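Structure first, commentary second.
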Amino acid sequence: MFRPPGNLARGLFHVVAALYKRAMSHPRAGLSTLAVHAGTPQGPNAPLTVPIVQSTTFRFESAAQVQEYARGSSGLFMYSRDENPTVRAAEEAVALLEGAESAVVFGSGMGAMTAALMGLVSAGDEVIAATALYGGTYKLLRDVLSRFGVKLRPVEPERLAAEVAGRPAKACVFESPTNPTLRIVDVAAVAAACRKAGTVSVMDSTFGPPALQRPLELGVDVVMHSATKYLNGHSDHLAGVLAGSRARLEPLRLLSHKLGASLDAQVAYDLLRGLKTFALRMERHCATALRVARWLSEHRAVQRVWYPGLPSHPDHELAKRQMSGFGGMVTFTLGTKERAFAFWDRLRLVARAASLGGTETLSSLPILFSHTGYSAQELLRAGVDEGMVRLSIGLEDADDLIADLAQALET
Ligand SMILES: *Cc1c(COP(=O)(O)O)cnc(C)c1O
36 MFRPPGNLAR
46 GLFHVVAALY
56 KRAMSHPRAG
66 LSTLAVHAGT
76 PQGPNAPLTV
86 PIVQSTTFRF
96 ESAAQVQEYA
106 RGSSGLFMYS
116 RDENPTVRAA
126 EEAVALLEGA
136 ESAVVFGSGM
146 GAMTAALMGL
156 VSAGDEVIAA
166 TALYGGTYKL
176 LRDVLSRFGV
186 KLRPVEPERL
196 AAEVAGRPAK
206 ACVFESPTNP
216 TLRIVDVAAV
226 AAACRKAGTV
236 SVMDSTFGPP
246 ALQRPLELGV
256 DVVMHSATKY
266 LNGHSDHLAG
276 VLAGSRARLE
286 PLRLLSHKLG
296 ASLDAQVAYD
306 LLRGLKTFAL
316 RMERHCATAL
326 RVARWLSEHR
336 AVQRVWYPGL
346 PSHPDHELAK
356 RQMSGFGGMV
366 TFTLGTKERA
376 FAFWDRLRLV
386 ARAASLGGTE
396 TLSSLPILFS
406 HTGYSAQELL
416 RAGVDEGMVR
426 LSIGLEDADD
436 LIADLAQALE
446 T
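Residues in the sequence shown are numbered from 36 upward in steps of one, following the working numbering.
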């Protein structure tokens with residue numbers, strides 16, 4: 036009878052578990068070191084990179100082994116919607132970068148947010164949601180969870196801590212930096228108010244990935260990322276992440292098995308590959324974004340620039356205190372829709388596209404993308420004007436980006 040060469044999946048799990056313990060025993064390892072080595076198998080003659088375990092299902096040796104699996108924490112695998120060794124390696128890597136005990140990855144950022152909210156709230160519960168929230172998250176609350184009896188209480192980001200203290204809710208969902216004006220929420224203040232009130236804090240940290248801020252250290256309960264953006268970093272896969280304490284995350288992991296927004300092993304491998312250059316990429320995104328933001332703020336055609344690293348940004352002092360980098364997103368306004376559209380159509384190197392966090396610099400117009408369909412009053416409340424242009428600074432040379440912006444700004 037054919038005998039397979041050992042239980043690869045189980046062996047790999049132990050390799051990853053050993054790696055995790057080893058890395059955690061070196062808590063002072065820098066982010067770049069963690070990013071490069073997270074998910075790298077260890078041991079004699081181990082492959083340098085994680086094998087892609089492309090199988091939906093796993094063999095069992097006996098009924099007793101299935102029972103061992105059912106008891107949990109055996110390192111055994113049954114079905115890849117629930118767990119898969121390559122996906123598990125990606126989860127351990129993300130947990131390391133986020134400084135979390137546990138992380139669960141999903142097939143998209145919205146898959147992660149859906150699992151977080153469905154895991155935390157029940158019919159009759161209320162969710163405090165920052166008004167500057169990703170459209171998908173807002174619509175999930177407004178149009179979907181509302182049908183299951185979940186109430187939505189929108190609150191301006193700067194009023195979150197006071198609101199939670201005044202009238203607690205089941206959960207509080209917010210982002211920092213926000214889109215598109217890159218306003219910074221005082222994360223420690225909101226998280227502390229939530230802890231005190233018994234409200235679970237959920238922070239979408241997509242615009243401020245691990246190199247820039249540490250939400251769990253600031254007291255946040257659950258951190259969410261669209262790993263589609265900076266974590267994977269190459270605009271070629273959808274993925275999502277939840278991270279936090281083991282006690283918070285394990286119920287969400289079990290729920291994720293039912294919701295089915297699982298990450299594929301191939302994509303988990305690519306996510307791990309993207310993570311190897313994560314810290315390096317973030318350094319470059321930040322450095323180029325600061326240069327571009329400074330250049331734009333001196334250009335006569337530009338009326339205003341929003342970048343948390345500029346002293347002119349309303350939250351610059353808070354950003355300096357709370358973040359270790361100001362990120363790769365830059366927003367500016369040309370005052371009118373006509374000027375913004377004309378500028379946008381003239382871009383050559385910068386791609387006209389939604390999304391962010393990849394190697395290519397992208398530009399979107401908030402009124403046509405994230406804030407399409409908003410009334411004039413809703414735009415005003417979101418701090419969005421019709422002349423706004425958003426840039427996701429990629430990894431090109433800053434001089435080339437500035438040259439493209441310069442030619443597109445000439446009228
Ligand atoms: C893109 C994005 C999401 C949704 O993530 P997907 O991977 O597209 O599902 C959520 N929040 C923010 C801030 C995002 O930018």
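The C-beta atom is built at its ideal place from N, Cα and C for all residues, glycine as well.
Please read these numbers as outputs of a predicted model, since none were measured by experiment.
Using 10 angstroms around the beta-carbon of residue i, count the other beta-carbons present and answer buried if the total reaches 16, otherwise exposed.
{"i": "Leu440", "result": "buried"}
{"i": "Val179", "result": "exposed"}
{"i": "Pro346", "result": "exposed"}
{"i": "Leu83", "result": "exposed"}
{"i": "Leu415", "result": "exposed"}
{"i": "Gly201", "result": "exposed"}
{"i": "Tyr114", "result": "exposed"}
{"i": "Thr366", "result": "buried"}
{"i": "Val185", "result": "buried"}
{"i": "Val101", "result": "exposed"}
{"i": "Glu445", "result": "exposed"}
{"i": "Arg106", "result": "exposed"}
Assuming residue i contacts residue j under a Cβ cut-off of 8 angstroms, what Cβ separation, rounded to an integer in Å, is found between them?
{"i": "Ala167", "j": "Ala278", "result": "About 22 angstroms separates the two Cβ atoms, so there is no contact after all."}
{"i": "Leu294", "j": "Thr149", "result": "6 angstroms"}
{"i": "Ser211", "j": "Thr241", "result": "Their Cβ separation, rounded to whole angstroms, is 10 angstroms, which puts Ser211 and Thr241 out of contact at 8 angstroms."}
{"i": "Asn238", "j": "Ala151", "result": "Asn is not the amino acid found at residue 238; the sequence shown has Met there. Their Cβ separation, rounded to whole angstroms, is 10 angstroms, which puts Met238 and Ala151 out of contact at 8 angstroms."}
{"i": "Leu353", "j": "Ser137", "result": "Their Cβ separation, rounded to whole angstroms, is 29 angstroms, which puts Leu353 and Ser137 out of contact at 8 angstroms."}
{"i": "Ser398", "j": "Arg387", "result": "6 angstroms"}
{"i": "Val140", "j": "Ala303", "result": "7 angstroms"}
Quick one: what does DSSP say residue i is sitting in, helix, strand or coil?
{"i": "Met243", "result": "It is worth fixing the name first, because residue 243 is Gly in this sequence and not Met. Three-state DSSP puts Gly243 in coil, outside helix and strand."}
{"i": "Thr323", "result": "helix"}
{"i": "Thr75", "result": "coil"}
{"i": "Phe93", "result": "coil"}
{"i": "His351", "result": "helix"}
{"i": "Ala386", "result": "strand"}
{"i": "Arg106", "result": "coil"}
{"i": "Pro189", "result": "strand"}
{"i": "Val156", "result": "coil"}
{"i": "Ala164", "result": "strand"}
{"i": "Met317", "result": "helix"}
{"i": "Val85", "result": "coil"}
{"i": "Ser236", "result": "strand"}
As a quick exercise: from the options, pick the residue whose alpha carbon is nearest that of residue i.
{"i": "Val156", "options": "Ala204, Gly74, Ala200", "result": "Ala204"}
{"i": "Leu306", "options": "Ala99, Tyr104, Glu127", "result": "Glu127"}
{"i": "Asp256", "options": "Val276, Lys264, Val235, His269", "result": "Val235"}
{"i": "Ala300", "options": "Phe183, Ser67, Gln100, Thr92", "result": "Thr92"}
{"i": "Ala165", "options": "Leu176, Gly393, Gln89", "result": "Leu176"}
{"i": "Ala124", "options": "Ser90, Gln89, Arg106, Val85", "result": "Val85"}
{"i": "Leu131", "options": "Thr213, Thr68, Arg94, Ser109", "result": "Thr68"}
Nearest chain D C-beta to residue i closer than 9 angstroms, yes or no?
{"i": "Ser347", "result": "Of the chains in the structure shown, none is chain D; there is only one protein chain."}
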